[in-house]
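> Take a look at the following structure, please.
In UniProt numbering, the protein residues as written are 1 to 799.
What follows is the structure, given as structure tokens:
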């Protein structure tokens, strides 16, 4: 149950998803204060009418129905990309049926912006918002908020449509409303059926008592005789599945996510529907549009009372919550509870083979990814955190301008704070830097007093030389899937790694740091004797779900940040638990294991040429992480020695007082079979360091990522540690037959400060292209300490 009770405006189209999402709002203890609906224009050229208010107690004769000026015999559906419009004649009856005030406004404009991710800032700068149908929602919601000042949230029924979700989120957040989308990614969440049933959501609606009828069909397989079928029933769901399978329908088709069918809800549990809507048989007439599309014109609908006791049962127990953990991560959680599972975990076994086949003799490093760290001027380190943040933002903007790039091209940032309590103030300034859709992914941690020169904040950013092909995932709605990212950071950003003349499918994915918030409530799990184990498993699951959605096949490396431990024993214990979780998450899936399905957005089905024919693309198959086929066969058979390296990094504190935050450094997508090699070299630089390499090949592009771990306890200075790390890295490059390359500085480094002097690392500009993270301790997966980590990357181009 959520700790904050929200007052929700329910966006309803008449369809099943918006009403079922409202039932989830009630299940979480929220209060629905009003319904809101947008309806189609009566005819071309009709000006939008003022917002209608429909009193739930109004007599039937006073309820507005067909639009003024319409003849009641319209034979065309608006077919809006954004709003369901068929069946709009019944919408006014929802006020009386639910007992909630209903507000309606006519849709103005059309789908001017066809891109999947809604970029209001870009649209406003081009002054095209007057013709965009999405913006019809703004005056409607403002009107409702004026009538219901207590309203602070809005609920929508988006399941897989990024197109719809991002538009609702954009308007909601501009109006100060919390967006709720409890059905988001619902089909890929844990299901009670095995194997998973693609129509499980429809069956869950049936159990909840929702009565949804098919009112439009627009897909081969679904025909005129499917109209008015109760799809929210076991029989109806199976019938739709069977019909669509005959034509090889794609993912989400059984739910109508590709526009295969639309629905009209006429009844539900009494918690939402105090009365039902009745549509007489003679009031339903079929309209054929051609191309296999048919829909029902509805006339004579009325509201009628329910029988005594009908639908009186409480919704509790009838609204299925997807499990908090997928089967894989539930298994990891159970393993973490059993200490024998992780106490004996060892570090990654050595693998000392060299790269095969040999790399081309001519390779040139392309400065494709740029990292830059910014620290406040010494003159203002005694100033407010807002002033220091503004100083960094100005420096970052000047840097981007100097290299001809914009903030919208930044892929990821790292924010280091001296005090996590400063985060809200920092966010208020930082957010002004990123106003476009899909801001960079972000990692935020507190390093306490370890920040250099008395600073309260340090900012690092990474940006590709070219912003072409940049894509993002920015879910700002509460759901059961993964935590919402409200404001200036995305769950993930992906950029192409093609630097040669030939196009490459390789992409580099940056994912935001993941803490263990419960997605539906955005709070941490309740404290318990197993809360540490749950936080490790839950936050790692967040990382995995986002990565699968972004088609990540393999990781370069990862760290789990932990807040400062109360003892050395506790620090070691948490590192070993996280190391176990990382190993188990990266364990190859068995052949019969169910995997997360890649769901296609309806936007793809309408605009992406690869997916315009349902069921025709191989891309609709399951996405696996890890995808073992990207490794050479000899490495697939020795997976434990090929694990992406993992380390536990102890810092001062984390956002929301979380215990753990997972940070995967680089995800790779688009790699072909045998394209990735993992190579470990031990005892480099006179035995003081180990190096872990990920080598990715695709046509004329080679991406090399390496992480060097330094292990030389003592009072060695920071500068001496850096020399050892760079020497070990250079030695590793020589072993990979890449000795002719000029070794670069690390792009990211972690330093265990202790009593050693690392101030020299922060002096001058020698490491200005390195994000430096001072920390309390660094541990390998087996719990043993390390003194420093340095991460290097190269994007290489050759013949």
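Cβ coordinates follow ideal geometry from the N, Cα and C atoms, glycine included.
Take the Cβ of residue 388 as the centre, count every other Cβ of all protein chains shown within 10 Å, and call the residue buried at 16 or more, exposed below.
buried
> Report the rounded CA-to-CA distance for residue 135 versus residue 748, giving the unit in angstroms.
Roughly 42 Å between the two C-alpha positions.
> Taking buried to mean at least 16 other C-beta atoms within 10 Å of its own C-beta, is residue 379 buried or exposed?
exposed
> From 788, 767, 415 and 631, pick the residue whose C-alpha is nearest to that of residue 710; which is it?
788
> Using a beta-carbon distance below 8 Å, is residue 226 in contact with chain D?
Chain labels in this structure do not include chain D; a single protein chain is all it has.
> If you reduce the DSSP assignment to three classes, tell me which class residue 341 lands in.
helix
> Here's a check: name, in chain order, each residue in its chain whose Cβ is nearer than 7 Å to the Cβ of residue 143, leaving out the five neighbours to either side.
The answer, listed in chain order, is 51 and 103.
> Let me check understanding here. Comparing Cα to Cα, which of 300, 91 and 30 lies closest to residue 178?
30
> Determine, using beta carbons only, whether residue 252 and residue 263 come nearer to each other than 8 Å.
In this structure, residue 252 keeps its C-beta atom at 8 Å or more from the C-beta atom of residue 263.
> Is the separation between the beta-carbon of residue 490 and that of residue 424 shorter than 8 Å?
no
> Under a three-way DSSP split, which group does residue 541 fall into?
In the structure shown, residue 541 sits in a helix (DSSP, three-state: H, G or I).
> Does the Cβ of residue 612 have 16 or more other Cβ atoms within 10 Å, making it buried, or fewer, making it exposed?
Per-residue confidence for residue 612 stands at a pLDDT of 39, beneath the threshold of 50, marking its modelled position as unreliable; the derived number appears in the next sentence. An exposed status is given to residue 612, since fewer than 16 other beta-carbon atoms sit within 10 Å of its beta-carbon.
> Give a yes or no on contact between the segment 645-665 and the segment 507-527, applying the rule of three or more CB pairs nearer than 8 Å.
Yes: the two stretches touch, three or more of their Cβ pairs being nearer than 8 Å.
> Distance, Cα to Cα, residue 212 vs residue 540?
37 Å
> State the DSSP-derived secondary structure class of residue 460, mapped to helix, strand or coil.
strand
> Expressed to the nearest angstrom, what Euclidean distance is found between the alpha-carbon atoms of residue 321 and residue 636?
37 Å
> Can you check which of these residues, 542, 295 and 90, is closest to residue 38 by C-alpha distance?
90
> Where does the unbroken alpha helix (DSSP H) through residue 582 begin, and where does it stop?
568-585
> Expressed to the nearest angstrom, what Euclidean distance is found between the alpha-carbon atoms of residue 544 and residue 307?
48 Å
> By DSSP's criteria, residue 153 is part of a beta bridge. Which residues make up the other side?
In the DSSP assignment, residue 153 is bridged to 8 and 178.
> Taking 8 Å as the threshold, find out whether the segment 426-443 comes into contact with the segment 282-292 through three or more Cβ pairs.
no
> So what does residue 774 bridge to, in DSSP terms?
Its beta-bridge partners are 751.
> Based on Cα-Cα distance, which residue from 215, 224 and 204 lies nearest to residue 237?
With distances taken between Cα atoms, residue 237 lies closest to 204.
> Going by C-alpha distance, which of 452, 88 and 373 is nearest residue 299?
88
> Identify whether residue 638 lies in helix, strand or coil by the three-state DSSP scheme.
coil
> How would you label residue 527, buried or exposed, when you count the other beta carbons within 10 angstroms and need 16 or more for buried?
Label assigned to residue 527: exposed.
> Once the 5 residues before and after residue 470 are set aside, which same chain residues still bring their CB inside 6 Å of it?
Taken in chain order, the residues that qualify are 495.
> Of the choices 459, 467 and 533, whose alpha-carbon is the least far from that of residue 406?
467
> Identify the continuous alpha helix (DSSP H) that holds residue 389 and give its terminal residues.
385-402
> Quick one: grab the DSSP three-state call for residue 417.
strand
> Are three or more beta carbon pairs between the segment 572-580 and the segment 334-347 nearer than 8 Å?
Using a Cβ-Cβ distance cut-off of 8 Å, the segment 572-580 and the segment 334-347 are in contact, since at least three pairs of beta carbons, one from each stretch, lie closer than that value.
> Count the other C-beta atoms from every protein chain shown that fall within 10 angstroms of the C-beta of residue 207, then say buried if there are 16 or more, exposed otherwise.
Taking all protein chains in view, the Cβ of residue 207 is surrounded by fewer than 16 other Cβ atoms within 10 Å, so the residue is classified as exposed.
> Leaving out the 5 sequence neighbours to the left and right, which residues in its chain are closer than 6 Å to residue 727 when beta-carbon positions are compared?
Sequence-distant Cβ neighbours of residue 727 in its own chain, meaning closer than 6 Å and more than five residues away, are 685.
> My guess is that residue 796 and residue 538 are in contact by the Cβ rule of under 8 Å, so how many angstroms apart are they, rounded?
Actually they do not touch by this definition, with Cβ atoms about 38 Å apart.
> Give me the Cα-Cα distance between residue 620 and residue 554, rounded to the nearest whole angstrom.
Low confidence applies here, because residue 620 scores a pLDDT of 44, under 50, leaving its location unreliable; read the following figure in that light. Their backbone Cα atoms lie some 19 Å apart in a straight line.
> Beta carbon of residue 159, beta carbon of residue 189: below 8 Å?
no
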